[in-house]
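Numbering (the UniProt record's numbering), first residue to last: 1 to 185.
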């Protein structure tokens, strides 16, 4: 009987241990799933981090900006009050000249009541002027002008091209595309 009792006790103990093993196996599986989830999240974050530029890239940009600011500050610091006044007077003179030109142009505009009164070249020149004025107000990385000078005479074409090229040179961060069947010289 003692052997039978030991066998029953051992069977019960094995059953308890099997239950505990199953419970521990479930805990280990849950922990493994949690670890795998953490690994997946870390991998996705690391993937995004790898797309970021190397710190030396940002250091170079900061250095360049710092250099430009230093140069501008040095130019400003070395100007005396007389030079600044001359600069202001020069800019005021240019502003007055532009105001006179604008007044003359606006006087001419009053004579035109309808765009149909303008010739094809005058309409083209007006359109280019409007697009250039809008381009200063609107930030876009590129501007495309297609057959803008087809109806212009040679004088207006030359004037328009000079104006467009000067604008393109002053706005170096933008791209300009000029498409025309005419010679650009």
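Think of the CB as a built atom: it goes at the ideal place given N, C-alpha and C, for glycine as much as any other residue.
Between the alpha carbons of residue 44 and residue 37 lies a gap of roughly 11 Å.
With a cutoff of 8 Å on beta-carbon distance, residue 124 and residue 152 are scored as near each other. Per DSSP, the beta-bridge partners of residue 143 are 176. Sixteen is the threshold: since fewer than 16 other Cβ atoms of the shown chains lie within 10 Å of the Cβ of residue 105, the residue is exposed. The Cβ neighbour count for residue 128, taken over all protein chains shown within 10 Å, is at least 16; the residue is labelled buried. Contact between residue 182 and residue 157 holds, with the beta-carbon distance rounding to 7 Å and staying under 8 Å. By the Cβ neighbour-count rule, residue 148 is buried, with 16 or more other Cβ atoms within 10 Å of its own.
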